[in-house]
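Quick mapping for you: the protein sequence lines, in order, are chains W and X.
Going by our numbering, the letters in the first sequence line up with residues 53 to 258, in that order.
Going by our numbering, the letters in the second sequence line up with residues 53 to 258, in that order.
Just below is one structure, and these are the notes that go with it.
Protein chains: 2
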Amino acid sequence: MYEYEHDGAEIYRRSFATIRAEADLSRFPEDVAQVAVRMIHACGQVDLTTDIDFSPDVVTRAREALDAGAPVLCDAQMVASGVTRKRLPKDNDVVCTLNDPRTPALARELGTTRTAAAMHLWGDRLDGAVVAIGNAPTALFHLLEMVRDGAPRPAAVVGIPVGFIGAVESKDALAEADLEFLVVRGRRGGSAITAAAVNAIASTVE
Amino acid sequence: MYEYEHDGAEIYRRSFATIRAEADLSRFPEDVAQVAVRMIHACGQVDLTTDIDFSPDVVTRAREALDAGAPVLCDAQMVASGVTRKRLPKDNDVVCTLNDPRTPALARELGTTRTAAAMHLWGDRLDGAVVAIGNAPTALFHLLEMVRDGAPRPAAVVGIPVGFIGAVESKDALAEADLEFLVVRGRRGGSAITAAAVNAIASTVE
């Protein structure tokens, strides 16, 4: 016989209470703290706080965008899959073009990864969007290049690619660009943390 | 101008080389080491090795199952979404019943979470399956209860739920059950690490 909590709402309540008791959220504004709590929930590590960095208005701007109906543009299907649709305020579109049939040829043409090439298919939807990059450093670098070269500007960028080659540098580059940003410095990141950040931005319900 | 590696294959090669250079894989058999490398790749943390635990034949048994056409049964849509279909040896089904229309009523009837209730819809497909639980501790506990109560036995269980309430205990319980298992002890885990483990089991290609 296993003894465990069966009530989903109670599991959430106790999880978030544990995180707030253990995590040092003191340096975050209230709206970023709420997002940080959900990011921690997705990875099981309260010390994620040490690596979270942000522009002060990122949550405000991202929420305004979603409230205005902006889409969530994702680099990976797992990120899109992790966005809880019922939390979105305007039944916002959640877009991932990685598996679009045009993407492989575009990647060869541009000499980059499929993930980076897929972003060109976002087109004008980038204007005022919430971008969520949780997998590929190349996608984040390429987004910065696109904006530098005149692409429409997103309202906010949740840029949390994970890994060993380019992840650190791509997130540092985002934090230095002139965009509203939320990142996890260092190697940590990934689709689960990224989707959790979007879910917390979309709704303050815990 | 950003300087970064654009070639996807080269990024993978250098990522896995970095992980093998930094991670202590000495206590793993070769097949588990290869899976561990991909799990590390998904979370950006080489010290994940300290928490990985397994039954010695888990990778062998899971591979045999997939090679025989067994399905991958997932607790969460993000896990299912993260399984790379082209790595699967027999175009195996990847199943997640969480969003099945019957699941909410079943959860009320059984007095448990939707995630746990959804597993009842797997039915006889559990027999010889590879189970991948990357989100809900209640799902893992409930799987153990179902098998104890006479449900068909899976070939292997990748049990890597994340979080603060029940995750640690559910993974400890799996490791003590009479099943082939792969876990990450402690709070760490989640859909990305779980899907990565399945992807590494499905194919040795790096």
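Quick reminder that beta carbons are idealized off the backbone N, C-alpha and C, glycines included.
Sub-8 angstroms separation of residue i and residue j beta-carbons
i, j, result
"W:Thr246", "W:Ile217", "no"
"W:Thr155", "W:Thr190", "no"
"W:Arg105", "W:Ala188", "Just to set this straight, residue 105 of chain W is Asp in the shown sequence, not Arg. Not closer than 8 angstroms, so no."
"W:Leu162", "W:Ala170", "no"
"X:Asn251", "X:Arg90", "yes"
"X:Ala219", "X:Phe193", "no"
"W:Asp103", "W:Gly238", "yes"
"X:Leu231", "X:Val210", "no"
"W:Val147", "W:Val124", "yes"
"X:Ala122", "X:Ala207", "yes"
"W:Gly134", "X:Met130", "yes"
"W:Glu221", "W:Tyr64", "no"
"X:Thr112", "X:Asp83", "yes"
N-terminal and C-terminal residue of the alpha helix (DSSP H) that residue i is part of
i, result
"W:Asp119", "Val110 to Asp119"
"X:Val199", "Pro189 to Arg200"
"X:Asp179", "Note, X:Asp179: premise wrong, no alpha helix (DSSP H); not H, not E."
"W:Leu226", "Ala219 to Glu228"
"W:Gly134", "Gln129 to Gly134"
"W:Phe68", "Gly60 to Glu74"
"W:Val84", "Glu82 to Cys95"
"W:Ala169", "Arg166 to Ala170"
"W:Ala246", "The sequence given here places Thr at residue 246 of chain W; Ala does not occur at that position. Ser243 to Ala254 is the extent of the alpha helix (DSSP H) around W:Thr246."
Nearest to residue i (by Cα), restricted to the options the options
i, options, result
"W:Pro204", "W:Leu178, W:Ala227 and W:Gly96", "W:Leu178"
"X:Ile253", "X:Ser222, X:Glu55 and X:Thr136", "X:Thr136"
"X:Cys95", "X:Val236, X:Val257 and X:Ala157", "X:Val236"
"W:Val182", "W:Val220, W:Ala219, W:Leu226 and W:Phe233", "W:Phe233"
"W:Leu118", "W:Ala88, W:Thr167, W:Leu196 and W:Ala184", "W:Ala184"
"W:Thr101", "W:Ser107, W:Val111 and W:Ala85", "W:Ala85"
"W:Thr256", "W:Arg79, W:Pro108, W:Gln97 and W:Ala114", "W:Ala114"
"W:Arg200", "W:Glu62, W:Gly241, W:Ala229 and W:Arg239", "W:Ala229"
"W:Ser243", "W:Gly215, W:Gly121, W:Val220 and W:Glu258", "W:Gly215"
"W:Ser107", "W:Lys223, W:Gln129 and W:Asn151", "W:Lys223"
"W:Glu55", "X:Glu258, X:Gly238 and X:Leu196", "X:Leu196"
"W:Asp38", "W:Asp83, W:Asp145 and W:Arg166", "Absent from the structure is residue 38 of chain W, since the part of chain W shown begins at 53 and ends at 258."
"X:Gly202", "X:Val210, X:Gly186 and X:His172", "X:His172"
"X:His58", "W:Glu258, W:Arg240, W:Arg160 and W:Pro206", "W:Arg160"
"W:Pro286", "W:Ala120, W:Gly134 and W:Gln129", "The structure shown does not extend to residue 286 of chain W, since chain W is modelled only from 53 to 258, so the question has no answer here."
"X:Gln97", "X:Asp76, X:Glu82, X:Pro81 and X:Gly180", "X:Asp76"
"X:Gly241", "W:His93, W:Gly180 and W:Thr149", "W:His93"
"W:Thr149", "W:Ala132, W:Gly180, W:Arg139 and W:Lys138", "W:Ala132"
"X:Ser78", "X:Glu62, X:Asp99 and X:Arg139", "X:Asp99"
"W:Gly180", "W:Gly60, W:Asp143, W:Glu116 and W:Phe80", "W:Glu116"
Endpoints, beta strand (DSSP E) assigned at residue i
i, result
"W:Leu125", "Val124 to Cys126"
"W:Leu150", "Where W:Leu150 is concerned, there is no enclosing beta strand (DSSP E), given that its DSSP letter is neither H nor E."
"X:Ile104", "Ile104 to Phe106"
"W:Val210", "Ala208 to Gly211"
"W:Val235", "Phe233 to Val236"
The ligand SAM heavy atom lying under 7 angstroms from the CB of residue i
i, result
"W:Ala75", "No copy of the ligand SAM occurs in the structure displayed, which carries no ligand at all."
Original post:
Do the stretch 239-256 of chain X and the stretch 59-79 of chain X touch if we need at least three Cβ pairs shorter than 8 angstroms?
Top reply: no
**OP:** Identify each residue in the stretch 119-133 of chain X for which the Cβ-Cβ distance to at least one residue of chain W is less than 7 angstroms, and report them in chain order.
**Re:** Gln129, Met130 and Ser133
Subject >> chain W contacts made by the stretch 190-204 of chain X, where a contact means CB separation under 7 angstroms >> reply: Thr190, Phe193, Leu196 and Glu197
**OP:** May I ask you to list, following chain order, the residues of the stretch 204-230 of chain X that have a beta carbon less than 8 angstroms from some beta carbon of chain W?
**Re:** Val214, Gly215, Phe216, Ile217, Gly218, Ala219, Glu221, Ser222 and Ala225
**OP:** Select from the stretch 60-92 of chain X all residues with a C-beta closer than 8 angstroms to any C-beta belonging to chain W, and list them in chain order.
**Re:** Gly60, Ile63, Arg66, Ser67, Thr70 and Ile71
**OP:** Could you name the residues of the stretch 140-157 of chain X whose beta carbon sits closer than 9 angstroms to any beta carbon of chain W, in the order they occur along the chain?
**Re:** none
Original post:
Any residues in the stretch 89-114 of chain X with a beta carbon nearer than 7 angstroms to a beta carbon of chain W? Which ones, in chain order?
Top reply: His93, Ala94, Cys95, Gly96 and Gln97
Original post:
Any residues in the stretch 165-180 of chain W with a beta carbon nearer than 9 angstroms to a beta carbon of chain X? Which ones, in chain order?
Top reply: Thr165, Arg166, Thr167 and Ala168
Original post:
What are the residues of the stretch 230-253 of chain W that lie near chain X, defined by any Cβ-Cβ distance shorter than 8 angstroms?
Top reply: Gly238, Arg239, Arg240, Gly241, Gly242, Ser243, Ala244 and Ala247
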